[in-house]
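Visitor: Sharing a structure here in structure tokens format.
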Amino acid sequence: MQISALGVSLVESQGLQAIPPRLYVKNLSRNVNLLCKSDKPIEDCSVKIPGYLQWSTADDSGLPSGIGPYGDGWSKGECGVRLMVVKSANEGKFFCNVTVGGQVFQESIDITLTVTPEPTEIEIGKDTEISNGGYRENRTLTARCI
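Taking the numbering used here, the leading residue of the sequence shown gets 29, the next gets one more, and so forth.
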């Protein structure tokens, strides 16, 4: 939720930012931190974590199993969570709603899971002409991935 007032969004005027704004992480990574930070103290904070249906209060009591609070605390303008293990279901958009000065603001972090490519082996076809340890120019090279 970003409402413009005189060309400056309210989110910017409260110094609210998502850290990091975009996250690339491998599946099954451990201890991944997601943080919403304000220049002012936070009165309330709730988070929506990809892979979970409900919004959760970002403190010890309101978070699902495997997720813990992260940051220096609401009084210091920080509201975040630590994912103990990132799973494929966690790919998507993480949201935090923070209340600052009696108003609710929203920030988000895009979570993208990266996949390590499999090593590829190439087999050269038997009909490919090899000359002096190399392939002949302007000749057909037959190959396939195995």
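Cβ atoms here follow ideal geometry from the backbone N, Cα and C, with glycine treated the same way.
1. The beta strand (DSSP E) with residue 58 in it runs from where to where?
2. State the DSSP-derived secondary structure class of residue 125, mapped to helix, strand or coil.
3. Under a three-way DSSP split, which group does residue 116 fall into?
4. Does DSSP put residue 169 in a helix, a strand or coil?
5. Measuring CB atoms only, is the region 136-143 touching the region 87-95, in the sense that at least three cross pairs come out at less than 8 Å?
6. Is it the case that the Cβ atoms of residue 68 and residue 99 are separated by a distance below 8 Å?
7. So residue 171 and residue 158 are in contact, right, with Cβ under 8 Å, and what is the actual spacing, rounded?
8. Any idea which residues DSSP pairs residue 134 with across the strands?
9. For residue 61, which residues of its own chain have a beta-carbon under 7 Å away from its beta-carbon, when the five flanking residues on both sides are left out?
10. Secondary structure at residue 74, three-state DSSP: helix, strand or coil?
Guide: Reading off the structure:
1. If you look at residue 58, you'll find it in the beta strand (DSSP E) that goes 58-65.
2. Note: residue 125 maps to strand in three-state DSSP.
3. Here residue 116 sits in helix by DSSP.
4. DSSP places residue 169 in coil when its eight states are reduced to three.
5. Flag = no, the region 136-143 and the region 87-95 do not touch.
6. No, these two residues do not count as a Cβ contact at 8 Å.
7. With a Cβ gap of about 12 Å, residue 171 and residue 158 do not count as contacting.
8. 125.
9. Answer for residue 61: 98, 108 and 110, listed in chain order.
10. Under the three-state reduction of DSSP output, residue 74 falls in the strand class.
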